[in-house]
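Participant: Next up is a structure, given as structure tokens.
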Amino acid sequence: MPQMSPSMWLFIMISMNMIFIISMFKLYYLTMNFKIYKTICYYFPKPKKYPFKWN
Numbered sequence: 767m768p769q770m771s772p773s774m775w776l777f778i779m780i781s782m783n784m785i786f787i788i789s790m791f792k793l794y795y796l797t798m799n800f801k802i803y804k805t806i807c808y809y810f811p812k813p814k815k816y817p818f819k820w821n
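Sequence positions in the sequence shown follow my numbering and run 767 to 821.
Shown next, in the form of structure tokens:
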């Protein structure tokens, strides 16, 4: 273990936690966006104009 001050350790821990929280939030946001997109596709059927773009 390298000798570091407690404030330095605290800062490192907080930054790691922030990175983790942000990544989790991004994953949650992406899944929510996908669910909303699927719901929109379900309620508003695909247009006949572009059948190849909407699978």
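Where a beta carbon is used, it is the ideal one built from N, C-alpha and C, also for glycine.
1. In whole angstroms, what is the alpha-carbon distance linking residue 807 and residue 797?
2. Considering just the uninterrupted stretch of the alpha helix (DSSP H) at residue 771, what are its terminal residues?
3. Pull up the distance between the alpha-carbon of residue 775 and that of residue 781, whole angstroms please.
4. I'd like the list of long-range same chain contacts for residue 786, defined as Cβ closer than 6 Å, with 5 residues on each side in sequence excluded.
Facilitator: If we stick to the structure as given:
1. Within the sequence shown, the letter at position 41 stands for residue 807. Within the sequence shown, the letter at position 31 stands for residue 797. Rounded to whole angstroms, residue 807 to residue 797 spans 15 Å at the Cα level.
2. Taking the first residue of the sequence shown as position 1, residue 771 is located at position 5. From DSSP, residue 771 is part of no alpha helix (DSSP H); its letter is neither H nor E.
3. Taking the first residue of the sequence shown as position 1, residue 775 is located at position 9. Taking the first residue of the sequence shown as position 1, residue 781 is located at position 15. Their backbone Cα atoms lie some 10 Å apart in a straight line.
4. Position 20 of the sequence shown, counted from the first residue, corresponds to residue 786. Correct list: empty, nothing qualifies.
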